[in-house]
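To start, the structure itself, in structure tokens.
Shown next as structure tokens:
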């Protein structure tokens, strides 16, 4: 199964309205992303079907942005793959999808965006930071400030390997050189409604984003949880993880916190916001519904 871009339903966290724009969605093998998630192993996790896996044991995966309409501005969280970019993975290479048209139809025209936040600087999270215009990579959102994690930028901008340098040069460096980028610390409040929390392991400076409004809360996970299958099997790691042991520890810590606080999680590679529930020694995810007026528990915190 393969689907192109599209806009999903609206969710609310307090006064923040949240929509998803899908760049790519597919069900297939997981050798590249989660090599331990074989079809046989996935079929053993019954609750993954039908929302997160198909009957054959293929994981359903998505690349998308979350669009946040907040009292303090319009925000895009992570920007997918982008068009016209040379990538090693064939499905990601030289794309020509209707992402911007879908973004506009969801009420988020590129010129209306106030803020772009990248949870980390991997290839599938920064692509639409820029687009090809007049012979150069130019910022897609010309009126926006781009928030880049300081640790991420300092790490990836210095990597010499061609596959990493290319992503930085076509999708990140142009917004820095245009004077549109601000570097943030991993534990920083970014707007009145959004704050960052370090969730390292997948990437050296990876953050998740807390959304807080009118006493309600939710979390945009980034990639500490690539897929709900990792709730049942927290030890399943991505081939792209920077530090496998740290990734597992972060995943267990954050899943426990989300389950205990009753807070919904918005993932970057699965489509619906979900509640996290304890399931023996592990966890399971349960999709919320678009019609819910609030997706979060009360504004309470636990100490780490």
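In the numbering used here, the protein residues as written are 396 to 699. Even for Gly, the Cβ is constructed at its ideal location relative to N, Cα and C.
Asked, Found
"Per DSSP, the bridge partner or partners of residue 669", "660 and 682"
"Nearest-angstrom beta carbon gap, residue 509 and residue 470 [assumed within contact, 8 Å]", "7 Å"
"Reference residue 645, options 481, 594 and 478, closest by Cα", "594"
"Check whether residue 367 and residue 414 have beta carbons under 8 Å apart", "Residue 367 cannot be examined here, being either before or after the span of the chain that is shown, 396 to 699."
"Residues near residue 682 by beta carbon distance below 7 Å, same chain, minus five either side", "446, 667 and 669"
"Three or more C-beta pairs below 8 Å linking the region 417-430 and the region 500-514", "no"
"Alpha carbon of residue 431 to alpha carbon of residue 635, nearest angstrom", "13 Å"
"For residue 589, the three-state DSSP class (helix, strand or coil)", "strand"
"Pairwise C-alpha distance: residue 460 and residue 439", "30 Å"
"Alpha helix (DSSP H) segments (min. 4 residues) lying fully within the region 540-622", "545-551, 557-566 and 568-572"
"Proximal residues to residue 505 (C-beta, below 8 Å), its chain only, five neighbours per side dropped", "495, 498, 499, 535, 536 and 537"
"Beta-carbon spacing of residue 608, residue 588 below 8 Å", "yes"
"Proximal residues to residue 539 (C-beta, below 8 Å), its chain only, five neighbours per side dropped", "471, 508, 509, 510, 511 and 575"
"Residues bridged to residue 674 (per DSSP)", "677"
"Close Cβ partners of residue 427 (< 7 Å) along its chain, the five nearest in sequence each way excluded", "634"
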